[in-house]
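Engineer: There's a structure below that I have some questions on.
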Amino acid sequence: MKVVVFGATGKTGELTWRKAVEAGHDVTVFGRSVERCYTNEPVTKIQGDVLDAEAVSRAIAGQDVVLVCLGPVNTRDRSTLSQGAKNVRAAMRSLDVHRVVFISAAGVGGSWKRIPWYSKLLFLTVLKTILSEHVREEETLRDDQLEWTAVRAAVLTDKPESGRILASNSVPTKTIPRADLAQFLASQIAGKDYLKQAICVTSG
Numbered sequence: 013m014k015v016v017v018f019g020a021t022g023k024t025g026e027l028t029w030r031k032a033v034e035a036g037h038d039v040t041v042f043g044r045s046v047e048r049c050y051t052n053e054p055v056t057k058i059q060g061d062v063l064d065a066e067a068v069s070r071a072i073a074g075q076d077v078v079l080v081c082l083g084p085v086n087t088r089d090r091s092t093l094s095q096g097a098k099n100v101r102a103a104m105r106s107l108d109v110h111r112v113v114f115i116s117a118a119g120v121g122g123s124w125k126r127i128p129w130y131s132k133l134l135f136l137t138v139l140k141t142i143l144s145e146h147v148r149e150e151e152t153l154r155d156d157q158l159e160w161t162a163v164r165a166a167v168l169t170d171k172p173e174s175g176r177i178l179a180s181n182s183v184p185t186k187t188i189p190r191a192d193l194a195q196f197l198a199s200q201i202a203g204k205d206y207l208k209q210a211i212c213v214t215s216g
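In terms of the numbering used here, the sequence shown opens at residue 13 and continues consecutively.
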């Protein structure tokens, strides 16, 4: 499938597009520095900012699947996730592209009761804006015209890939290695198990 990855130069985004390449997909990476970061990589590179609606539209044109791996610039960032999601949605609607898989956070919506106390403390204080941004991102991309999947990630770590991924909305979330999250995201390119659902992922 033809796949475009937004947030491709972030830690999780890079792991995700590499997993997609390994799976045999035709991958386009989008970001402000993809040309510099991935000069010799076997992917199509589109330089741009997710806040630029025209650049986003150019990247989505002709794709089968959109992977959104965006992260906030800092703890006060009120636009990358929410406005980026709006630009992605608008482009997908206008270009008749339907499938979108995006990273959200365990703690959004009904998953709040399954996150650990320390995550709740952080989301109520220093990460309050980031949680609000994920809420707005979900509200935007949970669109009836789209085949969306919101992947509510547990606390991310840089530990090695474990292969023990638990996708569930009924168990407590703790942590998950970025590499495991990337594997799950890549699996959803062709996967249909969580269409029009928000699903929490944590280490099993």
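Glycine is no exception: its CB is placed at the ideal position from the N, C-alpha and C atoms.
Does A117 come out as helix, strand or coil in the three-state DSSP assignment?
Structural biologist: Along the sequence shown, read from residue 1 onward, the residue named residue 117 stands at position 105. Note: A117 maps to strand in three-state DSSP.
Engineer: Among the candidates G74, M13 and A117, whose CA atom is the shortest distance from the CA of E145?
Structural biologist: Here residue 145 is taken as the residue at index 133 of the sequence shown, counted from 1. The residue with the shortest Cα to Cα distance from E145 is A117.
Engineer: Pick out whichever of K204, A166 and G122 has its Cα sitting closest to the Cα of E159.
Structural biologist: Counted from its first residue, the sequence shown places residue 159 at position 147. Minimum Cα distance to E159 is reached at K204.
Engineer: What are the complete alpha helix (DSSP H) segments, minimum 4 residues, inside the region 186-215?
Structural biologist: 190-199
Engineer: As a quick exercise: from T141, K23, A166 and K171, pick the residue whose alpha carbon is nearest that of N86.
Structural biologist: Along the sequence shown, one-based indexing puts residue 86 at 74. The shortest C-alpha separation from N86 is found at T141.
Engineer: Expressed to the nearest angstrom, what Euclidean distance is found between the alpha-carbon atoms of D61 and V138?
Structural biologist: Your numbering for residue 61 matches position 49 in the sequence shown. Your numbering for residue 138 matches position 126 in the sequence shown. In a straight line, the C-alpha of D61 is about 26 Å away from that of V138.
Engineer: Would E151 be called buried (16 or more neighbouring beta carbons within 10 Å of its own) or exposed?
Structural biologist: The sequence position of residue 151 within the sequence shown is 139, counting from 1. Exposed, by the Cβ-count rule.
Engineer: Below 6 Å CB to CB, which residues in the same chain sit around A179 once its five sequence neighbours on both sides are set aside?
Structural biologist: The residue given as residue 179 occupies position 167 in the sequence shown. Excluding sequence neighbours, A179 sits near I211 and V213.
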